[in-house]
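Data block below; observations after.
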Amino acid sequence: MKQASRKFIDLIQQASSKFANWNPPHLIEVGDYGEIDRDTGKLEKSGNIYDGTCVNISATKLAAQYPPVKNRAKFGAGVDATIAGLGDASLQAKWNFETKRAALLTMHNPVSMTIRDAFFEASRKIPFLKNKDMVMKVHQCSTYVMYLSNKTAETVRLVLRASGPANAARGEANVGWWSDGASGIFQRAYHPENIYTPLFRAKRIRRPGLFRRASPGFNEPDDNDLWGDTEVPWNYLDEDGEEEEDGDEVYE
1 MKQASRKFID LIQQASSKFA NWNPPHLIEV GDYGEIDRDT GKLEKSGNIY DGTCVNISAT
61 KLAAQYPPVK NRAKFGAGVD ATIAGLGDAS LQAKWNFETK RAALLTMHNP VSMTIRDAFF
121 EASRKIPFLK NKDMVMKVHQ CSTYVMYLSN KTAETVRLVL RASGPANAAR GEANVGWWSD
181 GASGIFQRAY HPENIYTPLF RAKRIRRPGL FRRASPGFNE PDDNDLWGDT EVPWNYLDED
241 GEEEEDGDEV YE
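In the UniProt record's numbering, the protein residues as written are 1 to 252.
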């Protein structure tokens with residue numbers, strides 16, 4: 001499937017207003033800015049307001065006043081902890097898919113980094129930041145699963161299992177994903193550290209009330225411009241991720 005990444009990202013964005021990172025080992029950090037590529041959905045980074053790569057003094061000075069905030073996601077009880085025949089497992093779940101494309105993204109014990117809202121109110125009139133997609137929140141984790149269904153009715157079962165310490169002295173465990181029933185595009189990974197960034201949220205300065213496929217010119221400077229969630233840069237997609245020819249145009 002040629003446009004798998006774009007279709008997956010589009011489905012996740014529709015459900016959450018966030019962007020999936022089709023290549024989670026590729027580091028995305030809060031403060032990254034650039035543009036979302038129309039063909040792939042990848043963030044083409046131009047710089048970062050926190051790491052010294054930003055060439056605009058006003059933006060970097062303001063960023064120093066509002067450092068990112070770190071949070072760990074909290075989940076309620078209810079996830080089965082043991083599964084017969086699979087040893088010790090920390091997570092298991094199953095999903096039913098219908099005949100339309102659907103996307104699944106799951107992370108275990110994610111940590112988020114977020115830029116404070118006060119930065120966006122203070123920075124909306126900095127000309128340098130206009131027409132840029134700014135990463136305002138990232139979700140990082142040590143293990144994840146991404147799945148794009150294959151337009152067939154199916155039930156997919158996932159288990160994150162730990163078979164016990166492989167090295168008791170170092171506290172390491174044999175951890176991995178087990179799956180059943182998946183016929184679509186499936187990727188998964190585990191690492192002891194939070195090195196993966198499967199999900200992020202981006203903002204762009206725009207005219208209030210205007211969104212994707214709105215009238216052109218909404219990125220022209222105006223005192224009323226506000227930071228709003230970045231919209232996907234493509235038109236409506238078909239089931240295979242191709243843009244529909246009769247869709248309304250996207251205006252940059």
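Glycine residues also receive a C-beta, built at the ideal position from the N, C-alpha and C atoms.
Just so you know, these numbers come straight off a predicted model, no measurement behind them.
Collapsed DSSP secondary structure at residue i in the structure displayed
i           : result
Glu98       : coil
residue 271 : Only positions 1 to 252 of the chain appear in this structure, which leaves residue 271 out of reach.
Glu243      : strand
Ile195      : coil
residue 267 : No statement about residue 267 is possible, as the shown extent of the chain runs from 1 to 252 and does not include it.
Asn71       : strand
Tyr236      : coil
Cα-Cα separation, residue i to residue j
i           : j      : result
Phe8        : Thr53  : 30 Å
Trp178      : Thr152 : 21 Å
Ser58       : Leu129 : 10 Å
Met131      : His26  : First, the residue type needs correcting, since residue 131 is Asn and not Met in the sequence shown. Near 23 Å, if we compare the C-alpha coordinates of His26 and Asn131.
Pro110      : Arg188 : 15 Å
Ala64       : His139 : 21 Å
Trp95       : Val145 : 13 Å
Asn48       : Ala202 : 13 Å
Glu44       : Met134 : 11 Å
Lys2        : Ala103 : 16 Å
Ile185      : Leu160 : 18 Å
Glu154      : Ser183 : 8 Å
Pro68       : Arg116 : 7 Å
Arg6        : Ala118 : 32 Å
Asp240      : Trp22  : 16 Å
Pro127      : Gln92  : 48 Å
Asn56       : Ala122 : 15 Å
Gly181      : Lys42  : 29 Å
Met136      : Leu199 : 11 Å
residue 318 : Asp51  : Nothing about residue 318 can be reported from this structure: the residues present for the chain run from 1 to 252 only.
Glu242      : Ala15  : 19 Å
Pro221      : Pro24  : Residue confidence is low: Pro221 scores 46 on pLDDT, short of 50, so the model does not pin down where it sits. Its coordinate-derived value is still stated next. Cα to Cα, Pro221 sits roughly 34 Å from Pro24.
Val33       : Ala162 : Before going further, note that residue 33 is Tyr rather than Val in the sequence given. So the alpha carbons of these two residues sit roughly 37 Å apart.
Thr99       : Asn194 : 34 Å
Asp10       : Arg124 : 26 Å
Ala20       : Ala4   : 12 Å
Asn150      : Arg38  : 23 Å
Pro192      : Thr40  : 29 Å
Contact belief for residue i with residue j at Cβ below 8 Å, rounded distance in angstroms
i           : j      : result
Ile205      : Trp227 : 6 Å
residue 279 : Tyr66  : The question about residue 279 has no answer here: the residues shown for the chain are numbered 1 through 252.
Ile12       : Leu105 : 6 Å
Met113      : Val30  : 5 Å
Asp229      : Ser17  : 5 Å
Thr197      : Ile28  : 5 Å
Glu231      : Asp238 : Not really, about 18 Å apart at Cβ, beyond 8 Å.
Arg101      : Leu148 : 7 Å
Val156      : Phe97  : 7 Å
Closer than 6 Å: residue i CB and nearest the ligand HEM heavy atom
i      : result
Asn109 : This structure lacks the ligand HEM; in fact it carries no ligand of any kind.
In chain order, each alpha helix (DSSP H) run of at least 4 residues that lies wholly inside the stretch 109-186: 117-123
Which runs of the beta strand (DSSP E) spanning at least 3 residues fall entirely within the stretch 1-66, listed in chain order? 32-36 and 43-48
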